[in-house]
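Working notes, beginning with the structure itself.
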């Protein structure tokens, strides 16, 4: 009987604690989003922050919803994977099952320090939305598009890109597109197939410029809660053609108060005189259909390399 009970519920003496076992996992995997000023609904920086949500945390971790990572591929496939290990998952679930004990404050590691400025270092070029965009307190906000001329007079090789919203509490995601005519001086090997897209018609009198039709556009950067800046390996870089325009697709979410945002993008240029070119691409399904009543529908899409 003794051996069976020892294999049952987590014993208090052996249970993981927040300060010693759980906080390091949260600091490494969760608090990029779950901290004050970010878009996640609660902070996990302290025990008092996390304890009221212990059961919900266990459910999200147990069902694989957190950390958010949706690629169905073996661990280690991608460099930027957002996964927790099986041991980390077990630690959190055992902590919840034991009643979420706090532990000895002396075991608590230092809180992570998050940069208030650029995480890629001082950018060589910064581009900002022409003006702040006002977000209402309530309701859904349709996707907004903003256009920023770069005025590049020659091709630029970019080694890092960072998107920094001024108000991360209301920015759900940002897609950074680069629109430019192909550089005819490039060798045939480097020429890319143009991808033409058309925006919905806008209302008469709209002040912001619109995307030029018939000019290729490429996705070069993204932002979503918890993501890091795009930093390419040394010796590689993203080539931007001269005369390009940055298009920002902004998805805002309301949070109960009137506010505003003015997102900016920073570029660090490659110091390598002849970097290997990184060729970004994206894939999506523009005709997504979910049958009525379906609780699990696959929506296929593909990209060819």
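Residue numbers (the numbering used here): 532 to 836. C-beta: ideal position from N, C-alpha, C; glycine also.
With a beta-carbon spacing of about 6 Å, residue 707 and residue 779 fall inside the 8 Å limit used to define contacts. Short of 6 Å from the beta carbon of residue 569, and not among the five residues preceding or following it, lie these beta carbons of its own chain, in chain order: 699.
The Cβ neighbour count for residue 645, taken over all protein chains shown within 10 Å, is under 16; the residue is labelled exposed.
The beta carbon of residue 686 lies closer than 7 Å to those of 714, 770, 771, 772, 773 in the same chain, with the five residues before and after it left out. Residue 584 and residue 573 do touch by the CB rule: their CB atoms are close to 6 Å apart, below 8 Å. For residue 747, DSSP assigns no beta-bridge partner whatsoever.
In the structure shown, the three-state DSSP call for residue 706 is strand. Looking from the CA of residue 754, the closest CA among 672, 635, 692, 601 belongs to 692. In this structure, DSSP gives residue 683 a state outside helix and strand, which the three-state scheme calls coil. In this structure residue 811 is in contact with residue 749, their Cβ atoms being roughly 6 Å apart against a cut-off of 8 Å.
Residue 765 has no beta-bridge partner at all, per DSSP.
When DSSP reads this structure, residue 792 sits in a beta bridge with 664. Beta-bridge partners assigned by DSSP to residue 777: 679, 709. The Cβ atoms of residue 785 and residue 669 sit closer than 8 Å to each other. CA-to-CA, the gap between residue 767 and residue 807 works out to about 4 Å. Under the three-state reduction of DSSP, residue 800 is assigned to strand. Using a Cβ distance threshold of 8 Å, residue 637 and residue 578 do not count as a contacting pair.
Scanning its chain for C-beta atoms nearer than 7 Å, with the 5 sequence neighbours on each side dropped, one finds around residue 760 the residues 650, 651, 691, 692, 693, in chain order. Straight-line measurement puts the Cα of residue 604 at about 28 Å from the Cα of residue 575. Ranked by Cα distance from residue 815, the first of 790, 555, 607, 829 is 829. Counted as a single uninterrupted DSSP element, the alpha helix (DSSP H) harbouring residue 581 occupies residues 578-581.
DSSP places residue 828 in the coil class of the three-state scheme, outside both helix and strand. Within the DSSP bridge table, the entry for residue 807 names 767 as partners.
Among the bridge pairs identified by DSSP, residue 695 is matched with 795. DSSP places residue 591 in the helix class (H, G or I) of the three-state scheme.
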